[in-house]
Amino acid sequence: MKAAVVHGKNDIRIEEYPTPTANTGEIIVKTKVSGICATDIKTLLGQGLPKDLPTILGHEVVGEVFETGEGVTAYKPGDRVAVYPIAVCGDCYYCRQGRHNLCEHEFGLAHGIEGGFAEYVRLPKEIVNIGGVIKIPDEVPFDKAVLSEPLSCALASLTTCKVGPDHIVVILGAGPMGLMHLKLAKWMGAVVIVVDLLDDRLAIAENMGADHCINPTQINHIEEIKKLTGNHGAQAVIASLGIPAVIEENLQLTGKGGTFNIFGGPPAGHTISVDPRWLHYCEINLTGTFAASPKDFKKSLELIINNDITVDDLVTDRFTLDTFLEAVERAKNQQMIRGIVEF
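In UniProt numbering, the protein residues as written are 1 to 343.
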């Protein structure tokens with residue numbers, strides 16, 4: 001099969017790769033669309049490269065069942081499916097609590113096994129057994145369904161923050177994940193303030209329903225948000241980026257009893273300073289969210305299927321495997337919101 005194969009930092013090649021086969025309990029999916037995540041780009045730049053190379057990245061996958069292994073009876077070739085990418089044990093403490101993304105034994109697509117930037121992808125029995133392969137109705141296009149995985153991560157984030165009607169939510173960063181947070185927070189009934197350095201991204205956020213859009217290079221966003229919240233601060237602040245200095249600077253935007261969520265993955269080896277008295281006396285929840293659970297994934301796909309959340313406007317660039325290297329460059333240079341690879 002043809003695949004985008006990672007050999008090392010900044011070394012990705014479009015080449016032939018062994019086509020997987022289904023072992024007992026497994027499913028082979030013929031890839032129809034794979035989403036391009038910021039994590040993929042960071043990995044290609046050398047941040048957290050898998051130790052076993054070469055390999056295939058890509059964890060946002062939708063397609064058709066191509067082959068089923070022995071014991072798989074709920075699926076047949078031709079079934080249209082979306083894939084939850086994390087293989088979990090289902091039995092550790094965290095899995096028993098429904099927090100499968102924190103599984104003590106987790107691995108998954110592009111994280112231990114080959115991912116979806118390939119014509120075929122093997123789903124281990126751990127993904128199949130946890131209910132991570134969900135059928136897609138015929139009327140739902142693959143290019144919409146593929147956004148269920150990143151949308152589920154934003155859903156998990158906002159659920160952790162307990163966002164509800166009339167809450168004020170500040171989203172730091174209007175990249176693709178920031179915009180998904182925006183859409184979901186509006187669906188939850190919140191007032192949303194989006195902060196970003198790029199005016200073109202803020203314009204997109206405004207078109208997607210943001211109540212207030214602020215560029216910190218043009219106005220003191222800390223003071224402006226204090227005014228917008230009556231000096232109370234926000235019920236939830238989402239750092240949809242992983243820059244420690246930005247995280248530290250914006251902690252103060254959180255109101256009493258509110259939650260500051262570090263959603264974007266920061267680089268290793270960095271710290272931030274937090275006033276413990278502020279945490280104590282204002283009862284601040286300082287947290288983070290990583291990935292999502294199968295429950296979040298199913299719910300996000302349901303939101304897309306029912307048109308509760310519009311995702312069509314998130315996809316700005318489409319590629320094939322043959323133009324995948326162009327996709328990487330555009331993503332590195334922040335020249336697209338959300339890119340997908342179509343097969």
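Glycine is no exception: its CB is placed at the ideal position from the N, C-alpha and C atoms.
Minimum Cα-Cα distance from Q47 among the listed residues K76, I134, G8, F142 corresponds to G8. In the three-state reduction of the DSSP assignment, Q235 falls in the strand class. Its chain contains S293, K295 as the residues whose beta carbon lies nearer than 8 Å to that of G98, once the 5 sequence neighbours on both sides are disregarded; these appear in chain order. Every beta strand (DSSP E) of 3 residues or more that sits fully in the segment 312-343 is shown, in chain order, as 315-319, 338-342. When DSSP states are grouped into helix, strand and coil, T39 belongs to the helix group.
Restricting attention to E302, P267, T39, P176, the CA atom closest to the CA of I243 is found in P267. Around the Cβ of D308, a 10 Å sphere holds fewer than 16 other Cβ atoms; the residue is exposed. Just so you know, the alpha carbons of T160 and T229 end up roughly 21 Å apart. It is roughly 35 Å from the alpha-carbon of T287 to the alpha-carbon of D11. G25 and E283 have their C-alpha atoms roughly 47 Å apart.
The Cβ atoms of G63 and K30 sit closer than 7 Å to each other. In this structure, the alpha-carbon of I171 lies about 6 Å from that of V237.
Annotation for G269: no beta strand (DSSP E) segment contains it, and DSSP assigns it neither H nor E. Y120 carries a strand assignment under DSSP once its states are collapsed to helix, strand and coil. DSSP places C95 in the uninterrupted alpha helix (DSSP H) bounded by 93-96. Under DSSP, L172 takes part in a beta bridge, and its partners are V195, A239. With a threshold of 16 other beta carbon atoms within 10 Å, R13 falls short and is exposed.
Judged by DSSP in its simplified three-state form, E67 adopts strand. In this structure, K144 lies near V311, with their beta-carbon atoms less than 7 Å apart.
Counting of Cβ neighbours within 10 angstroms places Q235 among the buried residues, the total reaching 16 or more. Beta-bridge pairing by DSSP links E15 to A3. Spatial neighbours of V65 in its own chain (CB-CB distance under 7 Å, excluding positions within 5 residues in sequence) are listed in chain order as I27, V29, Y75, K76, P77, G78, D79, V81. Note that the C-beta distance between G108 and A87 is below 7 Å. T55 has V6 as its beta-bridge partners, per DSSP. L198 and P216 have their alpha carbons spaced roughly 9 Å apart. A buried status is given to A190, since no fewer than 16 other beta-carbon atoms sit within 10 Å of its beta-carbon. For F260, the enclosing beta strand (DSSP E) has its first and last residue at 254-262.
Annotation: K125 to P20 spans about 14 Å, alpha carbon to alpha carbon. A145: member of the alpha helix (DSSP H) spanning 142-145, first to last residue. In this structure, E249 lies away from I272, with their beta-carbon atoms at least 7 Å apart.
In the structure shown, A22 adopts coil according to DSSP, grouped into three states. The beta carbon of D40 sits closer than 6 Å to the beta carbons of L57 from its chain, once the five residues preceding and following it are set aside; these are given in chain order.
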